[in-house]
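Worksheet: one structure, shown below.
Number of protein chains: 2
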Amino acid sequence: MRLRVDALPRSSSDVGYQPYADTVLVVDTLRATTTAGVFLEQGATALYLCPDLETARAFGGDGVVLSGERNCLPPEGFQLGNSPLIAREGRFDNQIVVMSTTNGTATAAIACETGKNVILASLRNAHGAARKAIEVSSEEIAILCAGNNGRIALEDVYTAGVLCEYLLAMGEWTLDDGAQIALTVRRQFADPLEPLSRSRSAENLLAVGLEADIAVCAEVSSSTIVPVFVGRSGTALIFKTA
Amino acid sequence: MRLRVDALPRSSSDVGYQPYADTVLVVDTLRATTTAGVFLEQGATALYLCPDLETARAFGGDGVVLSGERNCLPPEGFQLGNSPLIAREGRFDNQIVVMSTTNGTATAAIACETGKNVILASLRNAHGAARKAIEVSSEEIAILCAGNNGRIALEDVYTAGVLCEYLLAMGEWTLDDGAQIALTVRRQFADPLEPLSRSRSAENLLAVGLEADIAVCAEVSSSTIVPVFVGRSGTALIFKTA
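As you go down the protein sequences, you meet chains V and D in turn. Be aware that the first sequence starts at 1, since it is given in the numbering used here, and climbs by one per residue. Be aware that the second sequence starts at 1001, since it is given in the numbering used here, and climbs by one per residue.
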């Protein structure tokens, strides 16, 4: 099987764009894919990932929680931001969480364009996400990093390396250059808090007083919840627990 | 000063594209920026980097050598491919070398769109290129990796790490996430031949029997020649020895 790491999303119009042949693990460590998993851990029945705030707001109403960020902060009219710490303090039983974030949502949309199986992965669910990916894949697992506004994010490449390490322990792989780089980065840092804290994304969180989120995002395999793409509602991508 | 590593080129229409504020070191380790330097080492008066084969051919004639590749091999009508090994065996005194390659040329064009100073860097001229970059920069040095047909190339990220290491030894820097990743990759491999040999680009060279080029590209700071962007002739970018 092939193991591919894309350190940044590319859209289908980009030079050298390669569609996803099989399974895609979408990674936005700080914080969208981490927080998405926490909502499902805390009882949400489904996540709706929306490309823009207007689409998200249109889903608002009974049984729906609007969550997201622009410049790290909750958009107007949203009940929640994108904080895994705050999500972990809530209960979302019988509720749908509608999310719209800057990097993670658009990246998931690129994965869903061509991927047969799309999974939201983070450090928190890394082991479970890797296991699920192997279970459903027949030729390729791609790890697609969201990055930070079009720039490579250290924390996402690190998480990709952690996922690669789990996958290597479970099978035989042909690694692309991106996977080799991700593994190198993962092996450089024994403590996941270090790469996460040294990233530009961490700086941005610090600037708005949300640095406590980083420790939650740095927990490795503390959750067994794996959000899997199950379909669409309009332009929203629906994810549910596998 | 800021130190920025872009593991892949982005065009100005891409999400999150950031123009280059100051100096750009363009890296295409296997093989364009390596071979470009060798041509100047071997006496060429200038390099003309052309976006396509037709533009390159139009410069053909007395005192001009056409060099380049498509799928690693010399295009029709070109005297030379993109082999640093073969370039090193020739003399190009009083000649202009017109180059057109798949990744390096387009990447140099992106750098020249906004960069104030654009330099072609490789492992062979890493120390000289880093020194030159510091000499001409006032706020930012960006290392722009060409990659391999839109995918991250291990050998380019490694070379970026070598350049970062030289720069760190010569000044104080704010590192972006890309620079931190490149330094990690550089420190993982004591022998530069290892990352170069493990790359997808090396596989491609092996497939066409050009693997002997890899050792030439893996020589660290064996050359003091630094190709610097000096102007244009039509759509061709002209580089000369600094």
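Virtual Cβ for every residue (Gly too), placed ideally from N, Cα, C. Just so we're clear, the structure is a prediction, and the values are computed from it rather than from any experiment.
Straight-line Cα distance separating residue j from residue i
{"i": "residue 1053 of chain D", "j": "residue 1102 of chain D", "result": "10 Å"}
{"i": "residue 106 of chain V", "j": "residue 1195 of chain D", "result": "32 Å"}
{"i": "residue 87 of chain V", "j": "residue 238 of chain V", "result": "18 Å"}
{"i": "residue 1017 of chain D", "j": "residue 149 of chain V", "result": "9 Å"}
{"i": "residue 1082 of chain D", "j": "residue 208 of chain V", "result": "50 Å"}
{"i": "residue 228 of chain V", "j": "residue 23 of chain V", "result": "11 Å"}
{"i": "residue 161 of chain V", "j": "residue 230 of chain V", "result": "26 Å"}
{"i": "residue 165 of chain V", "j": "residue 183 of chain V", "result": "7 Å"}
{"i": "residue 1172 of chain D", "j": "residue 1224 of chain D", "result": "23 Å"}
{"i": "residue 5 of chain V", "j": "residue 1062 of chain D", "result": "47 Å"}
{"i": "residue 1111 of chain D", "j": "residue 25 of chain V", "result": "32 Å"}
{"i": "residue 1155 of chain D", "j": "residue 38 of chain V", "result": "38 Å"}
{"i": "residue 1202 of chain D", "j": "residue 1213 of chain D", "result": "9 Å"}
{"i": "residue 8 of chain V", "j": "residue 1094 of chain D", "result": "43 Å"}
{"i": "residue 1072 of chain D", "j": "residue 1211 of chain D", "result": "11 Å"}
{"i": "residue 192 of chain V", "j": "residue 1085 of chain D", "result": "43 Å"}
{"i": "residue 236 of chain V", "j": "residue 55 of chain V", "result": "8 Å"}
{"i": "residue 1186 of chain D", "j": "residue 33 of chain V", "result": "29 Å"}
{"i": "residue 205 of chain V", "j": "residue 1128 of chain D", "result": "38 Å"}
{"i": "residue 64 of chain V", "j": "residue 1180 of chain D", "result": "40 Å"}
{"i": "residue 120 of chain V", "j": "residue 1130 of chain D", "result": "40 Å"}
{"i": "residue 104 of chain V", "j": "residue 153 of chain V", "result": "12 Å"}
{"i": "residue 1135 of chain D", "j": "residue 1221 of chain D", "result": "18 Å"}
{"i": "residue 1076 of chain D", "j": "residue 1233 of chain D", "result": "23 Å"}
{"i": "residue 169 of chain V", "j": "residue 1147 of chain D", "result": "28 Å"}
{"i": "residue 1178 of chain D", "j": "residue 188 of chain V", "result": "15 Å"}
{"i": "residue 1067 of chain D", "j": "residue 1138 of chain D", "result": "34 Å"}
{"i": "residue 78 of chain V", "j": "residue 1070 of chain D", "result": "52 Å"}
{"i": "residue 1145 of chain D", "j": "residue 1157 of chain D", "result": "7 Å"}
{"i": "residue 215 of chain V", "j": "residue 1217 of chain D", "result": "42 Å"}
{"i": "residue 31 of chain V", "j": "residue 1057 of chain D", "result": "51 Å"}
Range of the contiguous beta strand (DSSP E) that encloses residue i
{"i": "residue 1100 of chain D", "result": "1096 to 1100"}
{"i": "residue 227 of chain V", "result": "227 to 233"}
{"i": "residue 1048 of chain D", "result": "1046 to 1049"}
{"i": "residue 1220 of chain D", "result": "Note, residue 1220 of chain D: premise wrong, no beta strand (DSSP E); not H, not E."}
{"i": "residue 120 of chain V", "result": "117 to 121"}
{"i": "residue 1151 of chain D", "result": "Residue 1151 of chain D -> no beta strand (DSSP E), and no H or E assigned at all."}
Proximal residues to residue i (C-beta, below 6 Å), its chain only, five neighbours per side dropped
{"i": "residue 1159 of chain D", "result": "1027, 1029 and 1123"}
{"i": "residue 1141 of chain D", "result": "1003, 1023 and 1133"}
{"i": "residue 1019 of chain D", "result": "1114"}
{"i": "residue 74 of chain V", "result": "81"}
{"i": "residue 1035 of chain D", "result": "1082, 1084 and 1087"}
{"i": "residue 174 of chain V", "result": "2"}
{"i": "residue 108 of chain V", "result": "26, 49 and 237"}
Where the alpha helix (DSSP H) through residue i begins and ends
{"i": "residue 57 of chain V", "result": "53 to 58"}
{"i": "residue 1131 of chain D", "result": "1126 to 1136"}
{"i": "residue 1201 of chain D", "result": "1200 to 1207"}
{"i": "residue 1041 of chain D", "result": "1032 to 1041"}
{"i": "residue 15 of chain V", "result": "Taken as a continuous stretch (DSSP letters only), residue 15 of chain V belongs to no alpha helix (DSSP H), as it is neither H nor E."}
{"i": "residue 1107 of chain D", "result": "1104 to 1114"}
{"i": "residue 1004 of chain D", "result": "Segment 1002 to 1006 is the beta strand (DSSP E) holding residue 1004 of chain D; no alpha helix (DSSP H) there."}
Chain-ordered neighbours of residue i on chain V, where CB pairs are closer than 7 Å
{"i": "residue 1153 of chain D", "result": "177"}
Listed by chain order, chain D residues near residue i by CB distance under 8 Å
{"i": "residue 71 of chain V", "result": "Simply none; closest approach about 14 Å."}
{"i": "residue 42 of chain V", "result": "Neighbours of residue 42 of chain V on chain D: none; closest Cβ ~30 Å, over 8 Å."}
C-beta neighbour in chain V for residue i, strict 7 Å
{"i": "residue 1031 of chain D", "result": "no"}
{"i": "residue 1142 of chain D", "result": "no"}
{"i": "residue 1185 of chain D", "result": "yes"}
{"i": "residue 1067 of chain D", "result": "no"}
{"i": "residue 1208 of chain D", "result": "no"}
{"i": "residue 1064 of chain D", "result": "no"}
{"i": "residue 1200 of chain D", "result": "yes"}
{"i": "residue 1234 of chain D", "result": "no"}
Chain D contact for residue i (CB, 7 Å cutoff)
{"i": "residue 7 of chain V", "result": "yes"}
{"i": "residue 60 of chain V", "result": "no"}
Residue i: contacting residues in chain V (beta-carbon distance under 9 Å)
{"i": "residue 1020 of chain D", "result": "Within chain V, no residue comes near residue 1020 of chain D; the closest Cβ sits about 13 Å away, beyond 9 Å."}
Under 8 Å from the C-beta of residue i: neighbouring residues of chain V
{"i": "residue 1150 of chain D", "result": "10, 14, 15, 16, 17 and 18"}
Proximal residues of chain B, C-beta to C-beta of residue i below 8 Å
{"i": "residue 1188 of chain D", "result": "As a matter of chain content, chain B is missing from the structure shown, whose protein chains are V and D."}
Beta-carbon proximity list for residue i, same chain, < 8 Å, skipping 5 on both sides
{"i": "residue 1011 of chain D", "result": "1017 and 1110"}
{"i": "residue 241 of chain V", "result": "40, 225, 226, 227 and 228"}
{"i": "residue 1096 of chain D", "result": "1044, 1045, 1046, 1047, 1048, 1059, 1063, 1064 and 1065"}
{"i": "residue 1126 of chain D", "result": "1159, 1162, 1163, 1166, 1220 and 1221"}
Contacts that residue i makes with chain D (C-beta to C-beta distance below 7 Å)
{"i": "residue 157 of chain V", "result": "1181"}
Own chain residues within Cβ distance below 7 Å of residue i, not counting five before or after
{"i": "residue 1042 of chain D", "result": "1087, 1088, 1090, 1091 and 1092"}
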